[in-house]
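Residue numbers (the numbering used here): 40 to 234.
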């Protein structure tokens, strides 16, 4: 959080920081997939608590970290773009490639991982996706959750391609089935558990 945002939060409360989000961030958060994230997945993950890794940080993900920590969870963030650190969790952010998450977080184990909008946005080939998923499996405890968000217009279905089969099994999360798709956007969520 920058100085101005920290000052506003101190003087005016956290609501003032949220009010300063850009119009673009607010538009993205209003999309149907982001609404499902905020209304279903975040509360379900928060209820389970533990250490949560959020892969891919942007302005529109900032509000999700505090919501995940509302019941005592501990959020860590990562992004390959060093400039995205400003959108990560202060003191618990590491810059690096998700395909090397096993090296980047070799000292930590997570209870849940949210990897949303990364496959197809830099982790494009099936080989890269397989490496990223294996690396995430390495830092996720057995029985831990992976919420994988991807877009049908960016990549082929990673679950149907068998890229998750070695380390993960489909499992519902909160009030949602194992797979959630949308008519209005190309986004898909797959909820999985680590074998």
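Quick reminder that beta carbons are idealized off the backbone N, C-alpha and C, glycines included. As the structure is a computational prediction, the values presented were derived from the model and not from experiment.
If you reduce the DSSP assignment to three classes, tell me which class residue i lands in.
| i | result |
| --- | --- |
| residue 209 | strand |
| residue 28 | Not covered by the structure: residue 28. The range shown for the chain is 40 to 234. |
| residue 154 | strand |
| residue 84 | helix |
| residue 91 | strand |
| residue 175 | helix |
| residue 25 | Nothing about residue 25 can be reported from this structure: the residues present for the chain run from 40 to 234 only. |
| residue 79 | helix |
Is residue i buried or exposed, if buried means 16 or more other CB atoms sit within 10 Å of its CB?
| i | result |
| --- | --- |
| residue 184 | buried |
| residue 80 | buried |
| residue 120 | exposed |
| residue 150 | buried |
Less than 8 angstroms between the beta carbons of residue i and residue j, yes or no?
| i | j | result |
| --- | --- | --- |
| residue 101 | residue 126 | yes |
| residue 85 | residue 110 | yes |
| residue 128 | residue 99 | no |
| residue 213 | residue 83 | yes |
| residue 165 | residue 204 | no |
What distance in whole Å lies between the Cβ atoms of residue j and residue i, which are believed to be in contact at a cut-off of 8 angstroms?
| i | j | result |
| --- | --- | --- |
| residue 209 | residue 229 | 7 angstroms |
| residue 156 | residue 143 | Contact flag wrong, Cβ pair sits at about 18 angstroms. |
| residue 190 | residue 217 | No, residue 190 and residue 217 are not in contact; Cβ-Cβ is about 18 angstroms, not under 8 angstroms. |
From what residue to what residue does the beta strand (DSSP E) around residue i run?
| i | result |
| --- | --- |
| residue 229 | 226-233 |
Just reading off the alpha helix (DSSP H) that residue i is part of, what are its end residues?
| i | result |
| --- | --- |
| residue 60 | Per DSSP, residue 60 belongs to no alpha helix (DSSP H) and is neither H nor E. |
Within 8 angstroms (strictly less), CB to CB, does residue i reach chain B?
| i | result |
| --- | --- |
| residue 234 | Within the model displayed, chain B is absent; a lone protein chain is all it includes. |
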